[in-house]
Every structure is written in structure tokens, then in C-alpha cells.
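Enquirer: Residue numbers (this note's numbering), protein chains in the order written: chain A, 1 to 276; chain B, 277 to 575. Glycine included, C-beta positions come from ideal geometry on N, C-alpha and C.
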């Protein structure tokens, strides 16, 4: 690799720090606000970046006002369920589309492409009436179901399986392995990077979704964190410390999870997911 | 043995469908069927609790005279017009910035992805707090000697703030898409251009842009559809009623407001949904049509 001139490196770091301030700065500002005590003015000019006397009091208080931990638990249930259904459903369907020969394969693939093209926002009302008819409205099950197997995830898995060399499986076929055994023992272990990407996308998608849970959930004890926080925003906007504490609770688990998995994630994306 | 041979054949025919069943069922029941049901409901006067009767094109004729609908359509289209150019260009520049393998660059890449990871509700609340008339942004403006800007009081500033939020939240996501594409650009092209005496700007225009053009088109298509369907950012920044006099309502906000609740006008909301559906598909086709050069890069 050719050597990078010193000035170019310096410029790159300078620009990266600038972008860092713009992308991560707001989160740090929110964290700082959440740690400021009620005696501290949060509206000083110039803005005070660090809390004078950091306190965790706001976290206790936000939990008194809205059941933020219950909401977090609801979000966690929804997100974990979505990860499991997406991993299972998308990898199985992807494997069939990429690795099995059968009549109707093209039509089945087309169904997923069509589903990918449907703007979900344009069918939420129809989904909502369906959940009502199924007597599932206002349940966490209804929150999970529409995204239980994402069309995009199926196509990502199909591409990952399609990229595997044929020879490995041919040996297994000769050994008498059936499709399920080949899928579990040879297919799945070879596409771990893409599975990680699907898992992260499914978790984030479910944890962060707002429109659908807002529409389908009515009882406040069923709320997921995003819907609950919106409620906090409306009612307690006068105390930004509490809103800040609520948002930190909502975003911290995701940032920690992402920080732990990011290596895997970036590798998985680079490997085949985006290249196709 | 003929019996086992036929059993193998049945297995071969049935097994793939067993693999496909969960995925196909979810997609068919919760994505494809609702499209058909939206189509048929759009021509009825259905309410949340009643099935409704066929009313022909009454809902669509109603839309023509519905001032809120035109405001919402305008806002959603403006969103596409103003958000997409930034979403196509800024993440590309960002990807170029973090493309080079220099120490610590992995940290920056991951950090730039933070806004993507955070939920839209969280980032909206953060931005509302920062754009408050006494918030961080106005604090910084004050230090710089500029007067306070009422970001959250004016309907145009509200909409622009929501757009800025959308661009900011998408930066990291599209940066990753570009990074993957840039990885495929042959290094020799850059070197050859450098030998020919092309400066960085020139090389960006004549080497990088043509090489990632298919990706730019893809990003353009994805982000225009996403921008047209915007709901959460505007709902959270401008409020459920869409800012002063509802002037910041977007189409999907109108769908949500019209079609839900105990007395939701499901038929009318379905008609608006169809408009969202049609325009979204049209946008996708328009952008993809603009690029016919290289089809091999896509699926």
C-alpha cells in the first residue's frame, strides 16, 4: 500500500473528528442532560457540556412516571421474537430458493421480491383491520407478526447461500444427507456473517419500530419503549432531564449490542450482503 | 425399488415448500394480501368497526377537494426533493473519508453508524431538545452572535428540521452501502488518473463517481421511496397534528390519523394509502430508469 502523506492523514482525522462531533455529539449531550440535577439550570448560555454534580436521580424518577422498565421488557420480547422468527424463516426460505431445485422456484422468489416492493406504510391500515379481525389487536404478537420474516432478509439469505461452492454439498448428497441435514450442517455454518447481519437488522427493526406499534397497541401496559417514550415526550416535555433519561434507557442497550457485534456486522455486510 | 424412488420424488417436490412455508406465509398474509385488501377497501366507506359499502371512486373524488391531502402530498414530495440529493452525496463523501485503512478508522465507522442504530423516537426527542428555543443549537448560535431561531414554532422550519434529522439519521446506513461499492473500484484506475496529473476533485468526478454510479442510483431509489413515506420524524418533531394548522402533515401521517381510532375512516385512509403506494412505486421506477448503464451490479 502506498504511503499516505502526513498532511492528508491529519486532514482525515480532523474531518473524522468533526463528523464524530455531529453524529455522536447529540447522544453525549443527551447523556449529559440526563445526569444534570434539578437544581442545575439546563438552559445556560453558553451551554454547559458537563453536568455540575452528576446524579442518577432522573433515571429513578422517569421510572416513577412511566413504567419504563416494563416498556423495555415489552420491546425486548418483541425484538427477540423477531430475531428468532427471522433467522429461522429467512434462512430456510433462502436456502430453498438458492439450493433446491423445484417447480415454482421462480414464482416463490418473485413473491418475496414483490413483498419487498410493497411500502409497508401504505398497508398499515389493512394490517390493522386484519389484526382486529384475528382478535390480535393490542397484543405483542400483533407487533411481531408482520415483520416475522422480512422479505429483504430472505433475499439476503438466498444470496449468501447461492455464493457457496457446490462441491461441498455434492459430497453430502452422495453420503445420503437429506435437504434438512445439508441445510443445518453445511449451509447454516457457512453463512454466519449474513445470519449476524439479519439478526442485527431484525433486532434493530423491531426495537426501533414506531408507526406499527403506535397503531396496533392501545393499552399503555402493552406499549413498547418507542411508543411509551412518545407518551413521555408529550406529557413531560417541560422537564428535559426526564425525557433525556428515558431516551438513554432506550438507546443504551442497542449501542452496547452494536458495539459488541460491529466487527461481525461490518464483515458480514462487506462479505456478500450488499454486493449480492 | 420403485416405491422408494417415488417417495424420493415426492420428497424432492414437497421439501422445498416446507422450507418456504413460514416465510411465504408471513409475506403472503401480512404484506401481499393487505395490498389487495387496501385496493378493495379504497372503494368503500368502511370504518374501523364496520365493513362498509362500495362507493366507487367517491374517496378519490373526495381527495381532490381535501385541502389536508394536498398539503400532505406537497410535504411528502418536498421531502423527496430536498432529502434525496443530500442522502446520495453526503454518505458518499463520508465513505471516501473512512475508506482508507488508517489506525482507528474502524472506530469512526462504527461511531458514525450510531444514529442509524438509535430508534427514530430517541433521535427525534434528542433533536427536539437541541432545537428548542433555548436548546443547544440556539446556544451555539448565541455564542456565535446569531439570534435565536424558532425552529419548532414555524411550520417551514419544523419541516426543514425534520428533513435535516432524516438526512443525519441515514448518513451511516448509506455510508456502509457506499463502502461496499468503493471496495470494488479497481485501485489502478485511481493510480492511472493520478499519473495523468488528475487532482483529487478531478479523480472524484472521472473515476469515483462513474464507478459507484449504480450504487448512487440504488441509494437514490431507496432514499426517495423512504423520504416519500416519511412518518416518524415529522410526527415526533411537529407533533401528532402536524405542526401549526396541520401544515406539516405528511401523507403517511394523514393515513394514520384518518384510518385509526374507534371511528377511523378505513376506506378513505385506504384511498390515501393507494396514492402512497402508487407514488412510491413510480419514484422507484423513475430513478431506476434514469440508470440503464449497468444492470449487472444489481441482483
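(1) Please tell me whether residue 396 of chain B has its Cβ less than 7 Å away from any Cβ of chain A.
(2) Taking residue 459 of chain B as the reference, give the member of B:315, B:431, B:330 and B:491 with the closest Cα.
(3) Taking the C-alpha atoms as reference points, what is the distance between residue 363 of chain B and residue 496 of chain B?
(4) Under 9 Å between beta-carbons, which chain A residues line up against residue 385 of chain B? List them in chain order, please.
(5) Determine the direct distance from the alpha carbon of residue 313 of chain B to that of residue 572 of chain B, and round the result to whole angstroms.
(6) Within 7 Å of any Cβ in chain A, is that where the Cβ of residue 528 of chain B sits?
(7) Indicate whether at least one CB of chain A lies closer than 7 Å to the CB of residue 552 of chain B.
(8) Leaving out the 5 sequence neighbours to the left and right, which residues in its chain are closer than 6 Å to residue 144 of chain A when beta-carbon positions are compared?
(9) Please say whether residue 118 of chain A and residue 311 of chain B have beta carbons closer to each other than 7 Å?
(10) Relative to the C-alpha of residue 161 of chain A, which residue among A:263, A:97 and A:149 is closest?
(11) Which complete beta strand (DSSP E) runs does the segment 220 to 270 of chain A hold, if anything under 3 residues is left out?
(12) Alpha carbon to alpha carbon, what distance is there between residue 104 of chain A and residue 280 of chain B?
(13) Please work out which residues of its chain come closer than 7 Å, Cβ to Cβ, to residue 431 of chain B, disregarding the five sequence neighbours upstream and downstream, and give them in chain order.
(14) Let me check understanding here. Comparing Cα to Cα, which of A:217, A:177, A:258 and A:231 lies closest to residue 284 of chain B?
(15) Report back the beta-carbon spacing between residue 179 of chain A and residue 291 of chain B to the nearest angstrom; my notes put them in contact at under 8 Å.
(16) Who does residue 320 of chain B pair with in a DSSP beta bridge?
(17) Buried or exposed, going by whether 16 or more other CB atoms sit within 10 Å of the CB of residue 19 of chain A?
(18) Under 7 Å between the Cβ atoms of residue 53 of chain A and residue 37 of chain A?
(19) Between residue 70 of chain A and chain B, is the shortest Cβ-Cβ distance under 7 Å, so that the two count as touching?
(20) Classify residue 123 of chain A as helix, strand or coil using the three-state DSSP reduction.
(21) Take every Cβ of the segment 117 to 131 of chain A, pair it with every Cβ of the segment 211 to 230 of chain A, and state whether three or more of those distances are shorter than 8 Å.
(22) Suppose you measure from the CA of residue 473 of chain B to the CA of residue 429 of chain B; what does that come to, to the nearest Å?
(23) Measure the beta-carbon distance from residue 149 of chain A to residue 85 of chain A and round it to whole angstroms, keeping in mind my assumption that it falls under 8 Å.
(24) How should residue 282 of chain B be labelled, buried or exposed, when 16 other C-beta atoms within 10 angstroms of its C-beta is the threshold for buried?
(25) Does any residue of chain B bring its CB to less than 7 Å from the CB of residue 24 of chain A?
(26) Of all the alpha helix (DSSP H) runs that stay within the bounds of the segment 287 to 317 of chain B, which reach a length of 4 or more residues?
(27) Sort B:505, B:558, B:555 and B:342 by Cα distance to residue 532 of chain B and report the nearest one.
(28) Here's a check: name, in chain order, each residue in its chain whose Cβ is nearer than 6 Å to the Cβ of residue 72 of chain A, leaving out the five neighbours to either side.
(29) Quick check: residue 142 of chain A and residue 130 of chain A, are their CB atoms within less than 7 Å of each other?
(30) Since residue 57 of chain A is in the alpha helix (DSSP H), which residue starts that stretch and which ends it?
(31) Tell whether a beta-carbon distance below 7 Å holds between residue 242 of chain A and residue 58 of chain A.
(32) Kindly list the residues whose CB is nearer than 6 Å to the CB of residue 93 of chain A, restricted to its own chain and excluding five residues on each side of it in sequence; keep chain order.
(33) Could you pull the start and end residues of the alpha helix (DSSP H) that residue 118 of chain A belongs to?
(34) If you pair each beta-carbon of the segment 439 to 458 of chain B with each one of the segment 370 to 380 of chain B, do three or more pairs fall below 8 Å?
(35) In chain order, what residues of the same chain lie with their CB nearer than 7 Å to the CB of residue 405 of chain B, ignoring the 5 residues before and after it?
(36) Please confirm if residue 181 of chain A has its CB atom under 7 Å from at least one CB of chain B.
Expert: The answer reads as follows:
(1) With 7 Å as the cut-off, residue 396 of chain B counts as an interface residue toward chain A.
(2) Residue B:491 is the option with its Cα nearest to residue 459 of chain B.
(3) Residue 363 of chain B and residue 496 of chain B have their alpha carbons spaced roughly 8 Å apart.
(4) Within chain A, the residues near residue 385 of chain B are 262 and 266.
(5) Below a pLDDT of 50, predicted positions are generally treated as unreliable, and residue 572 of chain B, at 45, falls in that range; no measurement from the model is reported.
(6) Using beta-carbon distances, residue 528 of chain B counts as an interface residue toward chain A, with a partner under 7 Å.
(7) Yes, because at least one Cβ of chain A sits closer than 7 Å to the Cβ of residue 552 of chain B.
(8) Excluding sequence positions up to five before and after residue 144 of chain A, its CB lies within less than 6 Å of the CB of 78, 81 and 82, all in the same chain and listed in chain order.
(9) Taking 7 Å as the Cβ cut-off, residue 311 of chain B and residue 118 of chain A qualify as a contacting pair.
(10) Minimum Cα distance to residue 161 of chain A is reached at A:97.
(11) Counting only runs of at least 3 residues, the segment 220 to 270 of chain A fully encloses no beta strand (DSSP E) element at all.
(12) For residue 280 of chain B and residue 104 of chain A, the gap between their C-alpha atoms comes out near 24 Å.
(13) Excluding sequence neighbours, residue 431 of chain B sits near 519, 520, 523 and 524.
(14) When the alpha-carbon of residue 284 of chain B is set against those of A:217, A:177, A:258 and A:231, the nearest one is in A:177.
(15) Yes, they are in contact, since the Cβ atoms of residue 179 of chain A and residue 291 of chain B sit about 5 Å apart, within 8 Å.
(16) Secondary-structure assignment with DSSP links residue 320 of chain B through a beta bridge to B:330.
(17) That one is buried.
(18) In this structure, residue 37 of chain A lies closer than 7 Å to residue 53 of chain A by Cβ.
(19) Using a CB distance cut-off of 7 Å, residue 70 of chain A does not count as an interface residue toward chain B.
(20) When DSSP states are grouped into helix, strand and coil, residue 123 of chain A belongs to the coil group.
(21) The count of Cβ pairs closer than 8 Å, one atom from the segment 117 to 131 of chain A and one from the segment 211 to 230 of chain A, reaches three, so the stretches are in contact.
(22) Residue 473 of chain B and residue 429 of chain B have their C-alpha atoms spaced approximately 52 Å apart.
(23) Confirmed, Cβ separation roughly 6 Å.
(24) Around the beta carbon of residue 282 of chain B, fewer than 16 other beta carbons sit within 10 angstroms, so the residue counts as exposed.
(25) Any Cβ of chain B closer than 7 Å to the Cβ of residue 24 of chain A would place that residue at the interface, and such an atom is present.
(26) The segment 287 to 317 of chain B contains these whole alpha helix (DSSP H) runs: 309 to 317.
(27) The alpha carbon of residue 532 of chain B has as its nearest neighbour, out of B:505, B:558, B:555 and B:342, the alpha carbon of B:505.
(28) Only 225 meet the Cβ criterion.
(29) No; because the gap between Cβ atoms is not below 7 Å, this pair is not in contact.
(30) Under the DSSP assignment, residue 57 of chain A falls in the alpha helix (DSSP H) whose first and last residues are 57 to 65.
(31) In this structure, residue 58 of chain A lies closer than 7 Å to residue 242 of chain A by Cβ.
(32) If we look at residue 93 of chain A and ignore the five residues flanking it on each side, its Cβ neighbours are 154.
(33) The continuous stretches of alpha helix (DSSP H) do not include residue 118 of chain A, and DSSP gives it neither H nor E.
(34) In short, these stretches touch, since the Cβ pair count reaches three.
(35) Excluding the 5 residues flanking it on each side, residue 405 of chain B has same chain C-beta neighbours closer than 7 Å at 411, in chain order.
(36) Residue contact check for residue 181 of chain A against chain B: no CB pair falls below 7 Å.
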